[in-house]
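**Student:** One structure, as structure tokens, below. Some questions next.
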Amino acid sequence: MKPIPGRSETCNAMADILNRIGDKWSVMIVGYLGKKTMRFNELRHTIGGISQRMLTLTLRNLERDGLVTRTVYPEIPPRVEYQLTPLGQSLQGPISSLWAWAEEHQGEVQSARLEYDGLHDETTDQHPPERRYAGAAR
1 MKPIPGRSET CNAMADILNR IGDKWSVMIV GYLGKKTMRF NELRHTIGGI
51 SQRMLTLTLR NLERDGLVTR TVYPEIPPRV EYQLTPLGQS LQGPISSLWA
101 WAEEHQGEVQ SARLEYDGLH DETTDQHPPE RRYAGAAR
């Protein structure tokens with residue numbers, strides 16, 4: 001990710017990290033690998049819904065970022081296993097907290113979405129008249 005001019009180095013670093021671990025596949029992979037070392041197809045079947053290409057790309061990116069290690073065993077056929085590095089393991093706490101939060105608040109988020117969708121006309125993108133905007137004259 002290219003740094004955005006005018007943003008602090010810390011802000012750019014945070015955006016870069018969140019872009020990597022914030023996507024749904026990375027979070028799932030780190031979550032499952034936090035439980036045990038897994039082979040490619042085992043991981044793919046456990047996650048479900050992820051294509052072979054997407055799993056390959058996500059694992060490569062996690063490996064590049066130092067979160068996952070890939071071990072190839074000299075066997076026929078070759079055996080390849082993936083596991084979290086200590087850096088990847090350090091994400092287990094934050095990811096577990098995020099999963100717990102999502103599980104606890106899933107109903108509230110769904111209700112808010114339904115309410116929002118009911119108040120907004122998607123075809124015209126008009127907001128209800130009672131809606132106020134920050135800085136708007138009252």
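Per our numbering, the sequence shown runs over residues 1 to 138.
Even glycine gets a Cβ: it sits at the ideal position worked out from N, Cα and C.
The structure displayed is predicted, hence computed values, not measured ones.
With C-beta atoms as the reference, is Y82 less than 7 Å away from V72?
**Tutor:** Not a contact, by the Cβ cut-off of 7 Å.
**Student:** Considering only DSSP beta bridges, list what R39 is partnered with.
**Tutor:** Answer is E81, bridged to R39.
**Student:** Evaluate S90 with the Cβ neighbour count: other Cβ atoms within 10 Å of its Cβ, from every protein chain shown; 16 or more gives buried, anything less gives exposed.
**Tutor:** By the neighbour-count rule (16 or more Cβ atoms within 10 Å), S90 is not buried but exposed.
**Student:** Under 7 Å, do I29 and T58 count as touching if we go by C-beta distance?
**Tutor:** In contact: I29 and T58 (Cβ atoms closer than 7 Å).
**Student:** Relative to the alpha-carbon of D151, which residue among K35, A102 and D65 has its alpha-carbon at the smallest distance?
**Tutor:** No answer is possible for residue 151: it lies beyond the span of the chain, which begins at 1 and ends at 138.
**Student:** Exposed or buried, what is G107 when buried is set at 16 or more other beta-carbons lying within 10 Å of its beta-carbon?
**Tutor:** Exposed: under 16 other Cβ atoms inside 10 Å.
**Student:** Relative to the C-alpha of P77, which candidate in C11, M14, N12 and R39 has its C-alpha closest?
**Tutor:** It is R39.
**Student:** Please report the Cβ distance between L84 and L33, rounded to the nearest whole angstrom; I am assuming they are in contact, meaning their Cβ atoms lie under 8 Å.
**Tutor:** Yes, they are in contact, since the Cβ atoms of L84 and L33 sit about 5 Å apart, within 8 Å.
**Student:** Which residues mark the beginning and the end of the alpha helix (DSSP H) in which E115 is found?
**Tutor:** Counting along the chain, the alpha helix (DSSP H) containing E115 begins and ends at Q92 to L119.
**Student:** Taking just the CA atoms, how far does P94 sit from E103?
**Tutor:** Roughly 14 Å separates the two Cα atoms.
**Student:** By a C-beta neighbour count over all protein chains shown, 10 Å radius and 16 as the cutoff for buried, is L114 buried or exposed?
**Tutor:** The residue in question, L114, is exposed, as its Cβ has fewer than 16 Cβ neighbours within 10 Å.
**Student:** How close, in whole Å, do the beta carbons of G26 and L62 come, if the pair is a contact with beta carbons under 8 Å?
**Tutor:** The sequence as given places Ser at residue 26; Gly does not occur at that position. About 6 Å; that satisfies the 8 Å criterion.
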